[in-house]
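K.L.:
If you scroll down you'll find the structure; I have some questions about it.
There are 2 protein chains.
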Amino acid sequence: MSNLLNEVLAANKNYASGFGEKGSLPMPPGRKVAILTCMDARLDPAKYAGLTEGDAHVIRNAGGRASDDAIRSLVISHKLLGTNEWFVIHHTDCGMETFTNEIISGLLKENLETATIDRNGWRNLKNSGGSSEGQFINWLTIKKQEVSVLEDVKRIRNHPLVSKSVSIYGFIFDVNSGKLIEISEATEAGKVRT
Amino acid sequence: MSNLLNEVLAANKNYASGFGEKGSLPMPPGRKVAILTCMDARLDPAKYAGLTEGDAHVIRNAGGRASDDAIRSLVISHKLLGTNEWFVIHHTDCGMETFTNEIISGLLKENLETATIDRNGWRNLKNSGGSSEGQFINWLTIKKQEVSVLEDVKRIRNHPLVSKSVSIYGFIFDVNSGKLIEISEATEAGKVRT
């Protein structure tokens, strides 16, 4: 068993030993909120938004993008489990700003192992064992966070399965300060809070 | 401004005021781990697995399913940011066990507002303003968690863009006890830890 797996199971044993009343929380989020944010390791949505177990649905993917799968999750969140305020939260220094569809599919075509990055960009350490499947995926990379947040709020707002009764807010999380910055008409053309 | 939005911003101000050294964490996950789990409000992966800011990528969607979008995120996680141990964690009492593609697309066709559930199943409170778009989505519902975890671990394991050097573990989180239960050959046919 790996060291990490041992550590995770030990931490879980400790968590479960103090679980108490958390064991009887209901399924629907108590504060009727859903957060869509990035998978980035520096982000802890429960901590940065002041939420605890039972409060909120949390949907995360690379970039915090409004992918079809994120919209699947959000529609279930409102339609079946009653959330009515949604936060779309991208962040500064996001990995999704460091590459393009062409760059990642090129890297994957050479090999599947972890690449390195320096001032000249991404490069592989070897060149065998890759797959050309990467070219068929839209990786949903980001050029500018203020733009991607607005695009994603708008895509969700205009989706035919999203009720107009749901409020949707757009934010950027600053990984250096821990602050949430609302993205609104003042920062980009187009209304964010809808 | 909604009460919830005010509360979130106040909580964030408090979080940012004690951010300290977290403001200089690097982008790659320090413990080289990624977790794919459900958006359910009762789950806090950082707490149940003993992780803190900077440690792990966290990917979440309805069910914790190995959707195309989750795989997009996992491939980025390993190829560009170096994670090499992945956890797929579904959970007991999951909302995804309460409906089928036909049920949710039928409910959405009637209206987009939150439905209710009782012993007779899901039903809408009104019948206007819906959309037939739901029938074009695969909602990735779950019949049995032990089966869905195995299916998802296998889908990821066999994906052409996933390196064989990544370890993949399957677990169920028990929402009543807070415990992680490993799903292995002993619980279902098929090897999970690969």
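In order, the protein sequence lines correspond to chains S and C.
Going by my numbering, the first residue of the first sequence is number 20, and it counts up by one from there.
Going by my numbering, the first residue of the second sequence is number 20, and it counts up by one from there.
Positions of the beta carbon are idealized from the N, C-alpha and C atoms, including for glycine.
Nothing here was measured: the structure is a model prediction, and the numbers come from that model.
Have a look at Thr160/S and Asp112/S and give me their C-alpha separation to the nearest angstrom.
P.N.:
13 Å
K.L.:
May I have the straight-line CA-CA distance separating Gly197/S from Glu121/C, to the nearest angstrom?
P.N.:
Distance from the CA atom of Gly197/S to the CA atom of Glu121/C, rounded to whole angstroms, is 42 Å.
K.L.:
So, does the CB of Thr133/S fall closer than 8 Å to a CB anywhere in chain C?
P.N.:
yes
K.L.:
Bridge partners for Glu201/C per DSSP, in chain order?
P.N.:
Phe190/C
K.L.:
Comparing C-alpha positions only, which one of Asp193/S, His178/S and Val194/S sits nearest to Ile187/S?
P.N.:
His178/S
K.L.:
When DSSP labels each residue in this structure, what does His178/S get in the three-state scheme?
P.N.:
In the structure shown, His178/S sits in coil (DSSP, three-state: anything other than H, G, I, E or B).
K.L.:
Do you know how far the Cα of Pro47/S is from the Cα of Val166/C?
P.N.:
24 Å
K.L.:
Please classify Ala29/C as buried or exposed, where buried requires at least 16 other C-beta atoms within 10 Å of its C-beta.
P.N.:
Label assigned to Ala29/C: exposed.
K.L.:
Given a cut-off of 8 Å, decide if Leu62/C and Thr71/C are closer than it, judged by their beta-carbon atoms.
P.N.:
no
K.L.:
If I measure Cβ to Cβ from Val27/S and keep anything under 6 Å in the same chain, skipping five residues before and after, which residues do I get?
P.N.:
none
K.L.:
Report the CB separation of Leu23/C from Glu104/S in whole angstroms; it is logged as a contact under 8 Å.
P.N.:
5 Å
K.L.:
Determine the direct distance from the alpha carbon of Ile95/C to that of Glu214/C, and round the result to whole angstroms.
P.N.:
A question about residue 214/C goes unanswered here, because the residues of chain C that appear run from 20 up to 213.
K.L.:
Do Ala85/C and Ile175/C have their CB atoms nearer than 8 Å?
P.N.:
In this structure, Ile175/C lies closer than 8 Å to Ala85/C by Cβ.
K.L.:
In this structure, how does DSSP classify Phe106/S when only helix, strand and coil are distinguished?
P.N.:
strand
K.L.:
Using a threshold of 8 Å, state whether the C-beta atoms of Asp171/S and Asp88/C are closer than that.
P.N.:
no
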